[in-house]
Every structure is written in C-alpha cells, then in structure tokens.
Amino acid sequence: MSLFGTEPLTAAYGRKHTTLEEAQADFNKDKDFQTPSGRYTNRSDLAKMYPHLERIRVRFNRLEDTGYVLFKAELKPEPEPKPKPKGRPTVTWNGEEYAVPSDREIEQMLWDTAEAIDGCRVEPDGTCPHGAPSWLLQLGMI
Ligand SMILES: [Zn+2]
Numbered sequence: 062m063s064l065f066g067t068e069p070l071t072a073a074y075g076r077k078h079t080t081l082e083e084a085q086a087d088f089n090k091d092k093d094f095q096t097p098s099g100r101y102t103n104r105s106d107l108a109k110m111y112p113h114l115e116r117i118r119v120r121f122n123r124l125e126d127t128g129y130v131l132f133k134a135e136l137k138p139e140p141e142p143k144p145k146p147k148g149r150p151t152v153t154w155n156g157e158e159y160a161v162p163s164d165r166e167i168e169q170m171l172w173d174t175a176e177a178i179d180g181c182r183v184e185p186d187g188t189c190p191h192g193a194p195s196w197l198l199q200l201g202m203i
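So the mapping is simple: my numbering equals the position in the sequence shown, first residue as 1, plus 61.
As structure tokens, this is what we get:
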C-alpha cells in the first residue's frame with residue numbers, strides 16, 4: 062500500500078511537536094494531523110484507512126526531523142510510578158515496625174473508620190482485638 066500523499070504527517074492547527082514523544086502523545090489522543098496534501102486526519106481515520114499499518118511517519122522539531130508514531134499506543138512504556146517517600150516515620154508495636162500513615166490518611170480516619178496500627182478497622186478511639194490501638198490514639202490525637 063502506498064502512503065504517498067499521506068505521510069509524513071505534520072501537527073495541525075499550529076500545534077508544534079518538538080520531540081517525537083510529543084507527536085506520539087497527540088497521535089494517541091487522536092488529535093488532528095495534516096497530510097502533505099493538506100488533508101486533516103487523525104489516528105482513528107488512519108486506522109480505518111490502513112487497518113494493518115503499525116506506524117506512520119511524522120515531522121517534528123520545526124519540521125526538521127521525521128520519525129515514526131506507532132498505532133499501538135501500548136507500545137509506549139508507562140511512566141514509572143513515583144517512588145514512595147523514604148524516611149517515613151514508623152512506630153514499633155508488638156515487635157514489628159509499622160509506617161505512620163500520612164497526614165491525609167490520618168485526617169480521613171477522623172471522619173471514617175480508623176485503622177489500628179496492625180491494619181484492623183477500629184473506632185477512631187478504639188483498640189483492635191489484637192490489642193493494637195488506632196493510629197489516632199497512638200499519635201495522641203484523641
Ligand atoms: Zn488487629
């Protein structure tokens with residue numbers, strides 16, 4: 062099949078892509094691109110026209126570079142999950158160390174059921190069947 066007249070695509074409506082990643086991101090969002098012949102198109106249209114096409118060439122970096130955007134967005138690696146903040150305070154209860162919940166979690170416990178140190182659901186001022194106090198008790202908030 063010929064993609065003559067269809068590729069390379071360029072960003073439509075004055076959008077600019079500095080990097081190929083930006084072009085891929087817009088392609089994933091089904092934003093419009095323009096073909097060399099001036100037609101507007103997007104990922105869905107192209108996928109209908111060329112069901113077996115896996116990638117298509119785009120221009121980016123002020124049209125100085127070209128690269129390929131992929132139809133299968135899942136080929137793009139997911140961003141790394143944010144690392145958990147290190148150095149969270151802990152309390153030792155019954156010989157085990159437990160991370161103190163965040164301020165936000167503590168605040169929710171004031172309105173909802175609270176959590177005991179060992180993870181049991183308890184009344185905000187309660188102690189679980191294992192003898193673990195609620196975080197609110199432990200932290201002296203009640
Ligand atoms: Zn318990």
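Positions of the beta carbon are idealized from the N, C-alpha and C atoms, including for glycine.
Assigned exposure category for residue i - 16 Cβ within 10 Å defines buried
{"i": "T153", "result": "exposed"}
{"i": "L171", "result": "exposed"}
{"i": "E82", "result": "exposed"}
{"i": "D87", "result": "buried"}
{"i": "S63", "result": "exposed"}
{"i": "H191", "result": "exposed"}
{"i": "S195", "result": "buried"}
{"i": "A160", "result": "exposed"}
Whether residue i touches residue j by CB criterion (8 Å)
{"i": "A84", "j": "F121", "result": "yes"}
{"i": "R118", "j": "P69", "result": "yes"}
{"i": "G66", "j": "P97", "result": "yes"}
{"i": "D173", "j": "A193", "result": "no"}
{"i": "F94", "j": "A108", "result": "no"}
DSSP state of residue i mapped onto helix, strand, coil
{"i": "E176", "result": "strand"}
{"i": "L200", "result": "coil"}
{"i": "E68", "result": "strand"}
{"i": "E168", "result": "helix"}
{"i": "Y74", "result": "coil"}
{"i": "V161", "result": "coil"}
{"i": "P194", "result": "strand"}
{"i": "R149", "result": "coil"}
Residue i Cβ short of 7 Å to ligand 1 heavy atom set
{"i": "D93", "result": "no"}
{"i": "P190", "result": "yes"}
{"i": "A193", "result": "yes"}
{"i": "D179", "result": "yes"}
- Can you check the stretch 80-145 for any alpha helix (DSSP H) of at least 4 residues that lies completely inside it and give the ranges in chain order? Inside the stretch 80-145, DSSP marks whole alpha helix (DSSP H) runs of 4 or more residues at positions 81-89 and 104-110, from first to last along the chain.
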